[in-house]
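Undergrad: Residues are numbered in the working numbering as their position in the sequence shown, beginning at 1, plus a constant of 226. All C-beta atoms in this analysis are idealised placements derived from N, C-alpha and C, irrespective of residue type, glycine included. These figures come from a predicted structure and were not determined experimentally.
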Amino acid sequence: MIFDINNGYLQKGKDGFEGQIVIENIDLSPIEGMYFVHEKDKNQYLWIKRRPILEYDDEEQKYILRPREPRWEAYLKKQENDAVPYCGEFIFLHFKFTIKGVWDKTDVGKKKKRLNLFIERAPMEKQNIINTINERNNKDVWGR
Numbered sequence: 227m228i229f230d231i232n233n234g235y236l237q238k239g240k241d242g243f244e245g246q247i248v249i250e251n252i253d254l255s256p257i258e259g260m261y262f263v264h265e266k267d268k269n270q271y272l273w274i275k276r277r278p279i280l281e282y283d284d285e286e287q288k289y290i291l292r293p294r295e296p297r298w299e300a301y302l303k304k305q306e307n308d309a310v311p312y313c314g315e316f317i318f319l320h321f322k323f324t325i326k327g328v329w330d331k332t333d334v335g336k337k338k339k340r341l342n343l344f345i346e347r348a349p350m351e352k353q354n355i356i357n358t359i360n361e362r363n364n365k366d367v368w369g370r
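1) Pairing CB atoms from the stretch 232-250 with CB atoms from the stretch 259-266, are three or more of them under 8 Å?
2) Starting from Arg297, trace the beta strand (DSSP E) in both directions and tell me its first and last residue.
3) Check whether the Cβ atoms of Leu341 and Leu236 lie closer than 8 Å to each other.
4) DSSP three-state call for Asn364: helix, strand or coil?
5) Give the secondary structure of Ile359 by DSSP, where H, G and I count as helix, E and B as strand, and everything else as coil.
6) Could you give the DSSP three-state label for Ile228: helix, strand or coil?
7) Between Ala300, Glu281, Glu299, which has its C-alpha nearest Leu291's C-alpha?
8) Can you check whether the CB of Ile247 is closer than 8 Å to the CB of Gly239?
9) What distance in whole Å lies between the Cβ atoms of Glu351 and Thr324, which are believed to be in contact at a cut-off of 8 Å?
10) Might you give, ordered along the chain, the residues of its own chain that have their beta carbon closer than 8 Å to the beta carbon of Asn251, omitting 5 neighbours on each side?
11) According to DSSP, what are the bridge partners of Asn342?
12) Please report the distance separating the alpha-carbon of Lys339 from that of Lys326.
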């Protein structure tokens with residue numbers, strides 16, 4: 227199931243948390259997720275990344291895991307409110323995005339839940355990379 231321009235999901239599967247995601251009409255599926263607690267701030271995070279590809283290396287005569295291109299990962303911090311349990315930010319294709327995860331019950335009888343992922347491009351004033359490039363281009367063109 228593929229979503230709109232900037233959406234996805236993550237749900238419990240046989241190999242942990244797995245799902246699909248689309249960012250700016252680029253399908254980055256399949257994805258996988260993992261929970262962890264940060265040692266310093268003791269907050270709970272959800273780490274989401276693209277699932278690696280298993281390839282056979284003829285030279286070494288064994289299978290190796292290779293990261294998928296383009297690479298992508300995001301860290302979502304667990305929030306105190308129930309409305310939006312997970313929030314985070316990431317950079318993809320030089321643009322900053324915000325990502326929010328909201329739990330949704332998929333099958334009430336089995337109590338399965340799915341984390342729906344909603345992604346938005348951050349406003350232009352928060353696009354540090356793009357703004358820096360624009361400033362440099364303006365200085366080069368106008369000699370400031």
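TA: Inspection of the coordinates gives the following:
1) yes
2) Element bounds for Arg297: n/a, residue is neither H nor E.
3) yes
4) helix
5) helix
6) Confidence is the limiting factor: at Ile228 the pLDDT is only 48, short of 50, which leaves the residue's position unreliable and the question unanswerable from this model.
7) Glu281
8) no
9) About 14 Å separates the two Cβ atoms, so there is no contact after all.
10) Ile231
11) Tyr235, Val328
12) 16 Å
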